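Plus 2 on top of the position in the sequence shown (first one is 1) and you've got this note's numbering.
We treat Cβ as the ideally placed atom computed from N, Cα and C, and that holds for glycine.
In this text the structure is predicted, and so the values were computed from the model without any measurement.
Have a look at the structure below before the remarks.
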Amino acid sequence: MKVVRGAAELREAVAELREAGHAIGLVPTMGAFHEGHLALMRAAHQAGDAVVVSLFVNPTQFGPDEDLERYPRDEERDAELALGAEVSVLFIPTVEEIYPTGFDTHVDPGRLATILEGAARPGHFRGVATVCTKLFALVLPDRAYFGRKDAQQVAVIRQIVRDLGLGVEIVPCPTVRDEDGLALSSRNVYLSASDRGAALALPRALEAGLHVHRGGGMPDEIVAATRQVLDAESRLSVDYIAIADLDGPTLAAAVRVGGTRLIDNVLLNEGEGGPVGAGPPIGPSAGVGTR
Ligand code: PAF
């Protein structure tokens, strides 16, 4: 595995892989690797791609009151895990490498970036879209792998790839969960033991919503069932619960527990492992949101 920090070095390493006949799979990350990240690397490897992983805590996707400074960072551990996942190139740029002095071009993804996470975190998807576009331009990958846990991010990335003709195949991968059901996230390290207990209401609530959907429930009933479980956990505050077309009809929610904001979602018309849907199809414009 090559660890590279500069754009020129990165291009050279990727060119070598291409010359050796490999297709390139990019896994963009902000580091603090967990099983979810490793699953993306494995998926790329299993598809036969030479795997390029970027590790960059992207400042432009954090709001002024968010956790940029304390976001978990452990480059050495991440490099070991990437090596174990048979990554070919680990790209760890500096902020100056990605955003050199005078940088003044941004990718603004439009309506999809203004709802749900976009409403709660103004500017977030502009930062994500800008950095991903830059990474795509630097690596020129055949495929890029993203976790479905950030379903709206997948949808936004698909939109910019389509709109700008970026020519990258976007591969969404299933959410990886701990045994207790909590979706893996680098931010889970912020949770105390009791926060974590309360946070488990989030996957339980989505499961309750999914159950109503499978029983033929309408969108407002699905949202109500989800809310009922979340409201029963007094330590949680609900940011939103919504059904939206995010890379497929999706029940999504965001909550706060202690000082931590958590998001999670379930696809409504297929299970993570295959089709499950007995419920009614939810069309692209069926959005039921409660804040
Ligand atoms: O999902 C993430 O970790 C980030 O949003 C991404 C895609 C690496 C862009 O910074």
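- prompt: DSSP beta-bridge partners for Pro251?
  reply: If you number the sequence shown from 1, residue 251 lands on position 249. Note: Pro251 sits in a beta bridge opposite Asp247.
message: In chain order, what are the residue ranges of uninterrupted alpha helix (DSSP H) at least 4 long that sit wholly in the stretch 192-261?
response: 195-201, 203-216, 221-233
field: Beta-carbon spacing of Leu184, Leu202 below 7 Å
entry: To locate residue 184, count along the sequence shown from 1; it is residue 182. To locate residue 202, count along the sequence shown from 1; it is residue 200. Yes, Cβ-Cβ distance for Leu184 and Leu202 is below 7 Å.
- prompt: Say the cut is 6 Å; is the CB of Asp266 nearer than that to a heavy atom of the ligand PAF?
  reply: Translated into the one-based positions of the sequence shown, residue 266 becomes position 264. No, since every heavy atom of the ligand PAF falls outside the 6 Å radius drawn around the Cβ of Asp266.
- prompt: Less than 6 Å between the CB of Thr96 and some heavy atom of the ligand PAF, yes or no?
  reply: In the sequence shown, residue 96 corresponds to position 94, counting from 1. Not so, every heavy atom of the ligand PAF lies at least 6 Å from the Cβ.
message: Just checking Thr177 against the ligand PAF - is the residue's beta carbon closer than 6 Å to any of the ligand's heavy atoms?
response: Residue 177 sits at position 175 when you count from the first residue of the sequence shown. No; taking the cut-off as 6 Å, the Cβ of Thr177 has no heavy atom of the ligand PAF nearer than that.
task: For Lys151, write down the residues that DSSP places opposite it in a beta bridge.
output: Translated into the one-based positions of the sequence shown, residue 151 becomes position 149. Bridge partners of Lys151: none, in fact.
- prompt: Is any heavy atom of the ligand PAF found at a distance shorter than 6 Å from the C-beta of Thr132?
  reply: The residue labelled residue 132 in the question sits at position 130 within the sequence shown. Answer for Thr132: no, Cβ out of range of the ligand PAF.
- prompt: How should Gly65 be labelled, buried or exposed, when 16 other C-beta atoms within 10 angstroms of its C-beta is the threshold for buried?
  reply: Position 63 of the sequence shown holds residue 65. By the neighbour-count rule (16 or more Cβ atoms within 10 Å), Gly65 is not buried but exposed.
- request: Could you tell me whether the stretch 253-270 touches the stretch 144-158, where touching means 3 or more Cβ pairs closer than 8 Å?
  value: yes
- prompt: Among Pro221, Arg206, Ala46, Pro143, which has the Cα closest to the Cα of Asp182?
  reply: For the purposes of this step, residue 182 is taken as residue 180 along the sequence shown, with counting starting at 1. Closest option to Asp182, Cα to Cα, is Arg206.
query: So what does Lys4 bridge to, in DSSP terms?
result: Residue numbering aside, residue 4 sits at position 2 when the sequence shown is read from its first letter. Looking at the DSSP assignment, Lys4 forms a beta bridge with Val91.
task: Taking Thr132 as part of the alpha helix (DSSP H), name the residues at either end of that continuous run.
output: For this step, residue 132 is matched to residue 130 along the sequence shown. Start and end: 126-141.
message: Quick check on DSSP: helix, strand or coil for Glu11?
response: Position 9 of the sequence shown, counted from the start, is the residue given in the question as residue 11. Helix.
- prompt: Do you know how far the Cα of His108 is from the Cα of Leu12?
  reply: As a first step, residue 12 is located in the sequence shown; it is residue number 10 there, counting from the start. As a first step, residue 108 is located in the sequence shown; it is residue number 106 there, counting from the start. Computed Cα separation, rounded: 22 Å.
query: Of the choices Ala195, Ala139, Val231, Arg44, whose alpha-carbon is the least far from that of Gly260?
result: Counted from its first residue, the sequence shown places residue 260 at position 258. Nearest option by C-alpha distance: Ala195.
field: Separation of Glu223 from Thr177, as counted between CA atoms
entry: The residue you call residue 177 lines up with position 175 of the sequence shown. The residue you call residue 223 lines up with position 221 of the sequence shown. Taking the straight line joining both Cα atoms gives about 24 Å.
message: Taking 7 Å as the limit between beta carbons, can you name the residues of its chain near Val89, skipping five residues before and five after?
response: Position 87 of the sequence shown, counting from 1, holds the residue named residue 89. For Val89, where only same-chain residues beyond five positions count, the Cβ hits under 7 Å are Met3, Met43, Val53, Val55.
query: Cys175 to Asp144, Cα distance in whole Å?
result: By 1-based counting over the sequence shown, the position of residue 175 is 173. By 1-based counting over the sequence shown, the position of residue 144 is 142. Their backbone Cα atoms lie some 16 Å apart in a straight line.
message: Can you determine whether any heavy atom of the ligand PAF sits closer than 6 Å to the C-beta of Asn60, and answer yes or no?
response: The residue labelled residue 60 in the question sits at position 58 within the sequence shown. Yes.
query: Any idea what DSSP makes of Thr107, helix, strand or coil?
result: Residue numbering aside, residue 107 sits at position 105 when the sequence shown is read from its first letter. Coil at Thr107, not helix or strand.
Spatial neighbours of Asp110 in its chain, beta-carbon cut-off 6 Å, leaving aside the 5 residues before and after: Walking along the sequence shown from the start, residue 110 turns up at place 108. Once the five neighbours on either side are set aside, the close Cβ partners of Asp110 are Arg128.
query: Near Thr135, what residues of its chain come up, given a Cβ to Cβ distance below 8 Å and the 5 sequence neighbours on each side ignored?
result: Numbered from 1 along the sequence shown, position 133 holds the residue referred to as residue 135. Only Val109, Ile162, Leu166, Leu168 meet the Cβ criterion.
- prompt: Can you give the Cα-Cα distance for Val115 and Ala34, rounded to whole angstroms?
  reply: Translated into the one-based positions of the sequence shown, residue 115 becomes position 113. Translated into the one-based positions of the sequence shown, residue 34 becomes position 32. Note that residue 115 is Ala in the sequence shown, not Val. If I take the Cα positions, the gap works out to 25 Å.
- request: Check whether the Cβ of Pro124 lies closer than 6 Å to any heavy atom of the ligand PAF, and answer yes or no.
  value: Counting from 1 along the sequence shown, the entry for residue 124 is found at position 122. Not under cutoff, so the answer is no.
field: Inter-residue spacing [alpha-carbon to alpha-carbon] between Asp241 and Val214
entry: Position 239 of the sequence shown, counting from 1, holds the residue named residue 241. Position 212 of the sequence shown, counting from 1, holds the residue named residue 214. When rounded, the distance between both Cα atoms is 21 Å.
- prompt: Are Ala255 and Val231 touching if we call contact CB-CB under 7 Å?
  reply: Looking up residue 255 in the sequence shown gives position 253. Looking up residue 231 in the sequence shown gives position 229. Cβ atoms of Ala255 and Val231: not closer than 7 Å.
message: For the ligand ATP, is there any heavy atom lying closer than 6 Å to the beta carbon of Thr31?
response: The ligand ATP is not part of this structure, which contains only the ligand PAF.
field: Spatial distance of Glu119 from Val5 (CA atoms)
entry: Numbered from 1 along the sequence shown, position 117 holds the residue referred to as residue 119. Numbered from 1 along the sequence shown, position 3 holds the residue referred to as residue 5. So the two alpha carbons sit approximately 32 Å from each other.
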